[in-house]
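Structure first, commentary second.
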Amino acid sequence: LLIFNKHQVLMQPQQCQPHSPPVKVAASILNSDLAELHSECNRMISAGSDFLHLDVMDGHFVPNLTFGHPVVQCLRPKLPGVLLEVHMMVSKPRQWVQPMASAGANQYTFHLEPFCQIGSTGGGSDSSSPVVGNVDTEACSECIRHIRENRMRVGLGISPDTPVHLVFPFVESVDQILVMTVHPGFGGQSFMSDMMPKVKSLRDRYATLDIEVDGGVTPDNVAQCASAGANVLVSGTALIKSPDPAAVVARLKSVYKS
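What follows is the structure, given as structure tokens:
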């Protein structure tokens, strides 16, 4: 008798592998012309983006401050049928669940780090890097339940300094795990290929889990994402600034067909 759960499938030898989850491209609209936000969103959907990714920053969890639920509320009636994922880079994720649900968000992706104890390395060549651990499992699980109660999909994200094993206890409770491939809240960063082992570790354990990568994803590095097992690709500048975003979407997805 095989025992399996929501995302994990334990296969016997010579059995067929389970189907991989579908490839999806999300347009991150933060770097779009915010004065033309509605038009920019429609342009990205017309180009073939599967959904829209809205970066919400509170000025605390990350230094930058962006838009909040009033913007989502304005966009919602103008984008019927479009899935809106809010990427909550905020220090108090639970606080904004109900406002975002009321505004019309479909997926609420929050970070694990606000529920972790974070300290310093205490020296060494990389002493500025934090040590992330000691997750408040009860508080994080309660936040997940609250999102479910507000009828949104649940995403859980980790920043580059966070060990991937810390999300394993929550995988069965969420719809998607986000692996950041840049440090959240800072623009102009390059894709961090050393995050790919995190993605592979997740895919090796969870065959059908939606695994999202966000940060510097372009047609030039998407093969690394595909090889590691990511199936949800967030692309910002590469899409928004392209004169032919439909071609960018096609290139991102073509890697998975080869």
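FYI, the numbering for the sequence shown is 27 to 284, going by the working numbering. Cβ coordinates follow ideal geometry from the N, Cα and C atoms, glycine included.
* To do: Verify whether the separation of the beta carbon atoms of Leu235 and His33 is less than 8 Å.
  => By 1-based counting over the sequence shown, the position of residue 235 is 209. By 1-based counting over the sequence shown, the position of residue 33 is 7. A contact, by the Cβ cut-off of 8 Å.
* Go ahead and pull the three-state DSSP assignment for Tyr232. => Translated into positions along the sequence shown, residue 232 becomes position 206. It is coil, neither helix nor strand.
* Would you mind stating whether Gln133 and Met178 have Cβ atoms separated by less than 8 Å? => Position 107 of the sequence shown, counted from the start, is the residue given in the question as residue 133. Position 152 of the sequence shown, counted from the start, is the residue given in the question as residue 178. Yes.
* Asked: Does the distance from the CB of Glu238 to the CB of Gly181 come in under 8 Å?
  -> Translated into positions along the sequence shown, residue 238 becomes position 212. Translated into positions along the sequence shown, residue 181 becomes position 155. For Glu238 and Gly181, yes; Cβs fall inside 8 Å.
* To do: Evaluate Pro271 with the Cβ neighbour count: other Cβ atoms within 10 Å of its Cβ, from every protein chain shown; 16 or more gives buried, anything less gives exposed.
  => Within the sequence shown, numbered from 1, the residue matching residue 271 stands at position 245. Its Cβ being crowded by 16 or more others within 10 Å, Pro271 is buried.
* **Val158 versus Ile184, Gly262 and Thr244, residue with shortest Cα-Cα distance** => What you label residue 158 is simply residue 132 of the sequence shown in a count that begins at 1. That would be Ile184, whose Cα lies nearest to the Cα of Val158.
* Asked: Considering only C-alpha positions, which residue in the set Tyr282, Ser284 and Ser261 is nearest to Val274?
  -> Reading the sequence shown from its first residue, position 248 is the one you call residue 274. Out of Tyr282, Ser284 and Ser261, Ser261 has the C-alpha closest to the C-alpha of Val274.
* To do: Give every residue of the same chain whose Cβ lies closer than 7 Å to the Cβ of Ser151, excluding the five residues on either side of it in the sequence, and list them in chain order.
  => In the sequence shown, counting from the first residue as 1, residue 151 sits at position 125. Low per-residue confidence applies at Ser151: pLDDT is 42, beneath 50, and the placement is therefore not dependable enough to give any value.
* Asked: Would you call Pro210 buried or exposed, if buried means 16 or more other Cβ atoms sit within 10 Å of its Cβ?
  -> As a first step, residue 210 is located in the sequence shown; it is residue number 184 there, counting from the start. Buried, by the Cβ-count rule.
* Measuring alpha carbon to alpha carbon, tell me which of Asn57, Ile203 and Asp240 ends up nearest Arg231. => Position 205 of the sequence shown, counted from the first residue, corresponds to residue 231. Considering only alpha carbons, the answer is Ile203.
* In the structure shown, what three-state DSSP assignment does Val97 receive? -> On the sequence shown, position 71 is the one that residue 97 refers to. In this structure, Val97 counts as helix in the three-state DSSP scheme.
* To do: Return helix, strand or coil for Ile55, following the three-state DSSP convention.
  => Working through the sequence shown from its first residue, we reach residue 55 at position 29. Residue state, collapsed to three classes: coil.
* To do: Apply the 10 Å Cβ neighbour rule to His113 and answer buried if 16 or more other Cβ atoms are within range, or exposed otherwise.
  => For this step, residue 113 is matched to residue 87 along the sequence shown. It counts as buried.
* From Ala53 to Ala131, what distance separates their C-alpha atoms? -> Residue 53 sits at position 27 when you count from the first residue of the sequence shown. Residue 131 sits at position 105 when you count from the first residue of the sequence shown. If I take the Cα positions, the gap works out to 15 Å.
* From Asp162, Arg171 and Thr135, pick the residue whose C-alpha is nearest to that of Ile144; which is it? -> Within the sequence shown, numbered from 1, the residue matching residue 144 stands at position 118. Answer by Cα proximity: Asp162.
* What residues are listed by DSSP as bridge partners for Val239? -> To locate residue 239, count along the sequence shown from 1; it is residue 213. Bridge partners of Val239: Val205 and Leu259.
* Once you ignore the five residues that flank Asp186 on each side, which residues in its own chain have a CB closer than 7 Å to its CB? -> Indexing the sequence shown from 1 puts residue 186 at position 160. Note on residue identity: the sequence assigns Pro, not Asp, to residue 186. If we look at Pro186 and ignore the five residues flanking it on each side, its Cβ neighbours are Met206, His209, Met218 and Met221.
* **Residues bridged to Asp246 [DSSP beta-bridge criterion]** => Reading the sequence shown from its first residue, position 220 is the one you call residue 246. None, per the DSSP bridge assignment.
* To do: Between the Cα of Ile170 and those of Asn160, Cys142, Val190 and Asp201, spot the shortest distance and give me the residue it belongs to.
  => Position 144 of the sequence shown, counted from the first residue, corresponds to residue 170. Residue Asp201 is the option with its Cα nearest to Ile170.
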